[in-house]
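Below is one structure, written out as structure tokens; comments come after it.
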Amino acid sequence: MALFWCTEALPLAVTALLPVLLFPLMNIMDSTTVSQEYLKDTNMLFLGGLMMAIAIEKWNLHKRVALRVLLITGVRPALLLMGFMAVTAFLSMWISNTATTAMMVPIAQAVMEQLHKSEIESESTAQVSEHTNKAFELQEKSPDGVNEPEEKGEWLVGAEEGRKRNEELEKKHLELSKGMSLCICYSSSIGGIATLTGTTPNLVLQGQVNDIYPGNGGIVNFASWFSFAFPTMLVLLILAWIWLQILYLGFNFKKNFGCGANPAAKDKEKKAYQTIKEESKKLGKMSFAEIEVLIIFVLLVVLWFTREPGFFPGWATVLFNKDGQDAVEHRVPAGRWLCLGQRQRGNSALLTWVCVFLGGFFPILLPVLCQDTRGHTGSIKCSFPSS
């Protein structure tokens, strides 16, 4: 299976389903035991996270949050970089890294295009003004046109200087665009480590820990993971911001933060800010569905954190005597996710096969941990290490 996954000779989800077919045929494990591994608590937690992400994306709540934060941070280069990274990392904590990147990149491109357009316009205005002044000066000095060759020479020099300035602007725009694109990719990956549902490997680790050490008392839960991973995410995000700032914006921190900017630079920032503001206005007021999604999302996060925080008895201890798992919280909002709005027509599916792909990891480990004690009845007994 590792070979199939690496080469992608078969689709990943089809490869993940191979244990269901091969384990019973090879008499390694019965189909009932294998099938149970595909709907473990970890898979249900992942499915619930997908439902939450789909609801947020369907009603553009993530885009509204992103634009609001960018309006707060402003469009100065360093602050704009920080704003995009903070928004992307936060969204990636709750929805997939790919969806977050796909949503944030067009916003970054629109802002960068507006910044570049403003720079070109201000530079063109300055060049026209400079050439006009020189023409008047030459006309006053030589009204009879005696110094026409010198005039043409100065015009050529001015045109060459303008071309060089435009090339510098293009190079600067390209470097800044690279930095913005990379900051979104980096912060999306960094933000995914902060929560248990942020990315698939986190859930795989939780599933493996629960399989290998079944009596661990739910040591890997949403609250314990967040308390460990969120500070790590913040440190990595700050380091990535500083590194990208040095790499693509240079060491001129005064200029990067917009301190002492000239009127042309302020006008450019104002136009870029207006672009973000117009995108935010297009969303209009928050609809009832957006408000409902936001309320359910907050409720879900609160349930995740208070299930078994460790420093005080959680609701799982009080209500279920620690039998509650992180996937239980999704049963509360699951019905509401499916009732919000109508399903859009089209070929795109609401849920993908990635749930099956995640389930394929768990049956692989089970035969390794199982001791084959088959007798005449052909039964298998599995003994796991004690915690």
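Take -17 as the starting number for the sequence shown in the working numbering and just add one per residue. From the three backbone atoms N, C-alpha and C, an ideal C-beta is built for every residue, glycine too.
Beta carbon of Met162 nearer than 8 angstroms to that of Leu63: yes
Stretch-stretch touch, CB-based, cutoff 8 angstroms, three pairs: the region 219 to 235 with the region 155 to 170: yes
Under 8 angstroms between C-beta atoms of Arg164 and Leu226: Reading the sequence as shown, one finds Leu at residue 164 and not Arg. Against a cut-off of 8 angstroms, the Cβ pair of Leu226 and Leu164 comes out as a contact.
Gly65 - containing alpha helix (DSSP H), residue span: 59 to 74
Leu282 versus Tyr255: straight-line alpha-carbon distance, rounded: 34 angstroms
Glu(-10), buried or exposed, once every other Cβ within 10 Å from all chains shown has been counted against 16: exposed
Beta-carbon gap between Ala176 and Ala205 smaller than 8 angstroms: no
Best match in Glu274, Ile278, Lys259 for proximity to Val57 [C-alpha to C-alpha]: Ranked by how close their Cα comes to the Cα of Val57, the residues Glu274, Ile278, Lys259 have Lys259 in first place.
Three-state class that DSSP yields for Leu265 in the structure shown: coil
Distance between Glu272 and Leu43 (C-alpha atoms, nearest Å): Cα to Cα, Leu43 sits roughly 6 angstroms from Glu272.
Selected residue, minimal CA-CA separation from Asn192, among Glu19, Leu49, Leu0: Checking every option, the nearest Cα to that of Asn192 belongs to Glu19.
Unbroken alpha helix (DSSP H) run spanning Ala(-9), endpoints: Careful: Ala(-9) lies outside any alpha helix (DSSP H) and carries neither H nor E.
Unbroken alpha helix (DSSP H) run spanning Asn184, endpoints: 182 to 194
For Ala60, the nearest candidate out of Lys248, Tyr230, Lys263 (CA to CA): Tyr230
Close beta carbons around Val87, own chain, < 8 angstroms, minus the five adjacent residues each side: Ser163, Ile166
C-alpha gap between Pro213 and Leu285, whole angstroms: 21 angstroms
Ala35 (DSSP reduced to helix, strand or coil): Here Ala35 sits in helix by DSSP.
Trp76 beta carbon less than 8 angstroms from that of Ser269: Their beta carbons are not under 8 angstroms apart, which means Ser269 does not touch Trp76 by this criterion.
Option nearest Met34 by Cα separation, candidates Ser78, Val47, Leu4: Ser78
Spatial distance of Met215 from Gly65 (CA atoms): 16 angstroms
Within 8 angstroms, strictly: CB atoms of Ser159 and Met94: yes
Three-state secondary structure (DSSP) of Met(-17): coil
Other residues of its chain near Ile172: CB distance less than 7 angstroms, five sequence neighbours each side excluded: Ala71, Met215, Leu218, Leu219, Ala222
Rounded straight-line distance, which links the Cα of Ser74 to that of Phe(-14): 29 angstroms
Short Cβ contact (8 angstroms threshold) for Val280 with Ile38: no
Cβ separation of Glu261 and Ala92, assumed to be a contact under 8 angstroms, to the nearest whole Å: 7 angstroms
Start-to-end residues for the alpha helix (DSSP H) that takes in Met8: Unbroken run through Met8: none, as it is neither H nor E.
Trp207 - DSSP class collapsed to helix/strand/coil: It is helical.
Straight-line gap, Lys263 to Ser13 (C-alpha atoms, nearest Å): 55 angstroms
Burial state of Asn184 (16 or more Cβ within 10 Å): buried
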